[in-house]
Structures are given as structure tokens and as C-alpha cells.
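Here the structure is laid out as C-alpha cells; the discussion comes afterwards.
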Amino acid sequence: FDLSRWRVAGNGADMIRPDVMQAFVDAFADAGFQASAFLPSYGLAEATLAVTLMPPGEGIRVELVEETELSGGTEDKDRPHRFRAIVNCGKPVRDMAVEIREEDGTPLPERAIGKVWCAGPSVMAGYFRDDAATAACMADGWLDTGDMGYMSDGYLYIVGRAKDMIIVNGRNHWPQDIEWAVEQIPGFKAGDIAAFAITTPGGEETPAVLVQCRSSDEGERTRLRDAIRERVRSVTGMNCVVELIPPRTLPRTSSGKLSRAKARNLYLSGDIKPYDIAA
Numbered sequence: 072f073d074l075s076r077w078r079v080a081g082n083g084a085d086m087i088r089p090d091v092m093q094a095f096v097d098a099f100a101d102a103g104f105q106a107s108a109f110l111p112s113y114g115l116a117e118a119t120l121a122v123t124l125m126p127p128g129e130g131i132r133v134e135l136v137e138e139t140e141l142s143g144g145t146e147d148k149d150r151p152h153r154f155r156a157i158v159n160c161g162k163p164v165r166d167m168a169v170e171i172r173e174e175d176g177t178p179l180p181e182r183a184i185g186k187v188w189c190a191g192p193s194v195m196a197g198y199f200r201d202d203a204a205t206a207a208c209m210a211d212g213w214l215d216t217g218d219m220g221y222m223s224d225g226y227l228y229i230v231g232r233a234k235d236m237i238i239v240n241g242r243n244h245w246p247q248d249i250e251w252a253v254e255q256i257p258g259f260k261a262g263d264i265a266a267f268a269i270t271t272p273g274g275e276e277t278p279a280v281l282v283q284c285r286s287s288d289e290g291e292r293t294r295l296r297d298a299i300r301e302r303v304r305s306v307t308g309m310n311c312v313v314e315l316i317p318p319r320t321l322p323r324t325s326s327g328k329l330s331r332a333k334a335r336n337l338y339l340s341g342d343i344k345p346y347d348i349a350a
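Per our numbering, residue 72 is the first one in the sequence shown, and the count goes up by one each step.
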């Protein structure tokens, strides 16, 4: 087939991954697909979908952001620098305003990471018959999206979901960084992993990683669990709880997104039952 006339290939609805976009370009280059057709975007239902769109023809644009900037921590000179590629999600659509704010609502300058707020004619007036939920995210016509990001030269970059952040020893860790790291281990793929924070019996926060495993061999499961632990430790410097679970166990939203919050609740309630693996 011929994809050479495909001018706009919209990409949104979840965290945009540059490696996935590059894989698509590589897979369909022979069919004439051009990377400039990609149109990254950012939006949410409460804003009647689109908040920002990449201008047509600009394609994929990414920035490499150092891990300590994303985590809010201080540089550790004993550890190698690690970067994450953050995808440019475009400029605010017509009549839409976007601000990056501190937790207390104070606007932040360019390139400072904070909560993404938006205001415009397509932003909701509130949740139907739920004044409490409306008050929690609306202020003077502005919507707290619950997402974290930064602005640069008028473009929006999304780095993660505020409520999904894992905070250990005062340092922020993004669950998708853990999940994407585990995906690099042979035998796992996108959607197999959910990372979130749990509280240990000693009252400390620690990351937990649920991984859908297709192997029925106990020795192979042990090997995979240990490989995951080591992979997460090498990427984040943290020890984590790793649980292997049956395929098709992780919950998803109605739009097909991974629901980390629900996965955490199901795990803590015992409704998600991990494989029994010797320590």
C-alpha cells in the first residue's frame, strides 16, 4: 500500500513514546510514510479533548531532559547521567490558554516542571452533580489537568501524571520510566508492567512493580523476577517489590489505558494474585 499521501497522523490519548513513533516510521518507510506526518497532541475529556496540537508538518520533536530535573532531586555525581526523551505536544489550540503552576497555584517560568492548567471555551464548567470534584480541579475557570509538564517556546511537554508519581526518600520517580525499563527485558512488552508506590510494614514508601508473565516454568519466573529487580535498581537506584502475575491481569480504562491506581488497589486488596516464587 501507499502511505506517501498521508499528511496528518494524529498521536495522543496517552504518554507519547518517541521509540514507538520511530518504530512506526521504520516499519512503514517502504510504504512512503514520512515522519513529518506525525501530529502529536495533548488533551483530556474535561477540555472537550484537544488542549495542544503540533502544527501540521512539524512532526516529531523531542527534548532530552536529565533525570534529576524530572525527579526534583539534586545531582548525584556518583551516578551516570540519565536522560528521558520528552515529546513536544504542540501549541495551545485556538482560544485555549495553558499555564504551568506550582502545587499552590503559583505560575512557573519557562521550562520549570509543574502542574498543567488550561482555560478556554471548550473547558468544562464542572462535573455533573459533583461539586466537590469540580472544586478540587477548577479555579476561576481554569482546569487543573492533573498532569505534569513544562512549556518551552510556546510548546507543551508532558512528563507524567501527578497522582502516579512515586516519592521515595523525598525524590520523585515516574512510573513510566520504571515500566519502560522493564520492557527492555526480553519476554515483556508494552502494557505488561504497572509500577506504583506501596507502604511497607515499617511505614516507608517503596515502589512495587507488577509484571504480566507468560512463562509457566518456575525457574524462568525466578530468573525474570531477579532480572527485573536488577534492571529497576540500575535505572533508578531503588530496590523494589517485584510481583509476576498472569497475563491479561492488569486493569485498563474504557479507552484502553493502563490504570495504575486500580492495579494498586487490586493488588493491596488481594484481588490480584501474584505467582508464588521462592525468595
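The beta carbon of each residue, even a glycine, is placed where N, CA and C say it ideally should be.
| Hey, F104 and L74: beta-carbon distance below 7 Å or not? | yes
| field | Among V158, R132 and Y198, nearest to A118 - alpha-carbon criterion | value | Y198
| For K186, which of helix, strand or coil comes out of DSSP? | strand
| task | Note down the Cα distance separating L135 from R153, rounded to an integer number of angstroms. | result | 9 Å
| task | Find out if the Cβ-Cβ distance for the pair R300, I348 is shorter than 7 Å. | result | no
| task | Tell me, please, whether the stretch 246 to 253 touches the stretch 264 to 274 by the rule of three or more beta-carbon pairs shorter than 8 Å. | result | yes
| In chain order, what residues of the same chain have a beta carbon less than 7 Å from the beta carbon of F99, not counting five sequence neighbours either side? | L74
| Alpha carbon to alpha carbon, what distance is there between I131 and L110? | 7 Å
| query | Buried or exposed: where does I87 fall if 16 or more other Cβ atoms within 10 Å of its Cβ makes it buried? | reply | buried
| Nearest candidate by alpha-carbon position, reference D218, set F95, K260 and I229 | I229
| task | Measure the C-alpha to C-alpha separation of R172 and Y346 and round it to an integer number of angstroms. | result | 42 Å
| query | Any idea what DSSP makes of I343, helix, strand or coil? | reply | coil
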